[in-house]
Amino acid sequence: MSSLKADFNELMERIKQGREFGHASFEPIFYLVFPPSQILNVKRETPAWVHRLRNDGWEVETFSIAEHIADIINNAPLRKIWFVADQKTPLAWDKTNASLANAISNGALQARIEAKLADLEGKSKAILLVTDLEALHPYIRIGVIEGKLQGKFHVPTVFFYPGVRTGKTQLKFLGFYPDDGNYRSVHVGG
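Using the numbering used here, read the sequence shown as starting at 13 and increasing by one per residue.
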């Protein structure tokens, strides 16, 4: 198994080289794939990686999926209704998760990522690090959002992906979701 440092170094080399023309896309989308057991290690390493990128001349922006999901849920118009429903049936997790999934997958999270990408467009040394993808479970998978953002990636965008690589383009989110090959990105690690 490769180390996180080695995988990050390879990722940076690939970003510097740029994407090759392929049958799927030419957008600068990259996934740093790591076993779910390494989530905490990735969180520990991220500040060092950000500093390293800045020292290399990159304008680094981060986008925490967890922070944005929390904000979407905390400001949801149906929040008060959710609390009332939860008090009536506190163990109805399927209904709770369905309500939260609707709030997250209705386009709000996608719109926030799109806005961040738009802010960075035209900046030649900008890079976006998308962290905390594990917060998407059990609501939505990042591949769905990535697909809806096709054509919007104008700066290198790195998704820190906890999962397993099962082929050149297939990933298994968190190691237990079914294989998904609908990614148009470069995968490093996993």
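For glycine and all other residues, C-beta sits at the position ideal for the given N, C-alpha and C. The structure displayed is predicted, hence computed values, not measured ones.
Residue i classed as buried or exposed, judged by whether at least 16 other C-beta atoms fall within 10 angstroms
i                : result
phenylalanine 38 : exposed
leucine 90       : exposed
glycine 69       : exposed
proline 40       : buried
glycine 134      : exposed
glutamine 50     : buried
leucine 103      : exposed
glycine 202      : buried
Own chain, CB closer than 8 Å to residue i, minus 5 neighbours either side, in chain order
i                : result
threonine 101    : Lys107
arginine 130     : According to the sequence provided, residue 130 is alanine. The question's arginine does not apply to it. The answer, listed in chain order, is Lys164.
phenylalanine 75 : Arg124, Ile125, Lys128, Leu140, Leu141, Val142 and Thr143
Residues of its chain near residue i, where Cβ-Cβ distance is below 7 Å and the 5 sequence neighbours each way are ignored
i                : result
valine 54        : Leu16, Phe46 and Phe172
arginine 2       : Any property of residue 2 remains undetermined from this structure, which presents the chain solely from 13 to 202.
phenylalanine 20 : Leu44 and Trp61
arginine 66      : Val72
glutamate 57     : Leu16
isoleucine 152   : Ala113, Ile116 and Ser117
glutamate 22     : Val200
Sub-8 Å separation of residue i and residue j beta-carbons
i             : j              : result
leucine 145   : isoleucine 154 : yes
glutamate 126 : leucine 148    : no
leucine 52    : valine 170     : no
proline 48    : glycine 179    : no
Cutoff 6 Å; reference residue i; Cβ partners in own chain excluding five residues on either side
i             : result
valine 62     : Val72
alanine 138   : Glu71, Leu132 and Val167
glutamine 122 : Ile157 and Lys160
lysine 184    : Gly175, Val176, Thr178 and Asp191
Reference residue i; option with closest CA among the options
i             : options                         : result
alanine 88    : Asn67, Ile116 and Ile77         : Ile116
threonine 143 : Met24, Leu23, Asn67 and His80   : His80
proline 150   : Pro59, Ala60 and Leu112         : Leu112
isoleucine 77 : Lys28, Lys135, Lys128 and Pro59 : Lys128
alanine 120   : Ile93, Lys92, Ala82 and Lys28   : Ala82
isoleucine 84 : Asn118, Leu23 and Leu65         : Asn118
Test: residue i CB closer than 8 Å to a CB of chain D
i           : result
glycine 159 : Among the chains in the structure shown there is no chain D, since it carries only a single protein chain.
Report the start-end ranges of each alpha helix (DSSP H) in the stretch 128-174 that is 4 residues or longer and not cut off at the edges. You should have 154-160.
Could you name each continuous beta strand (DSSP E) segment of 3 residues or more that falls completely within the stretch 80-126, going from the start of the chain to the end? Those beta strand (DSSP E) runs which fall completely within the stretch 80-126 and span 3+ residues do not exist here.
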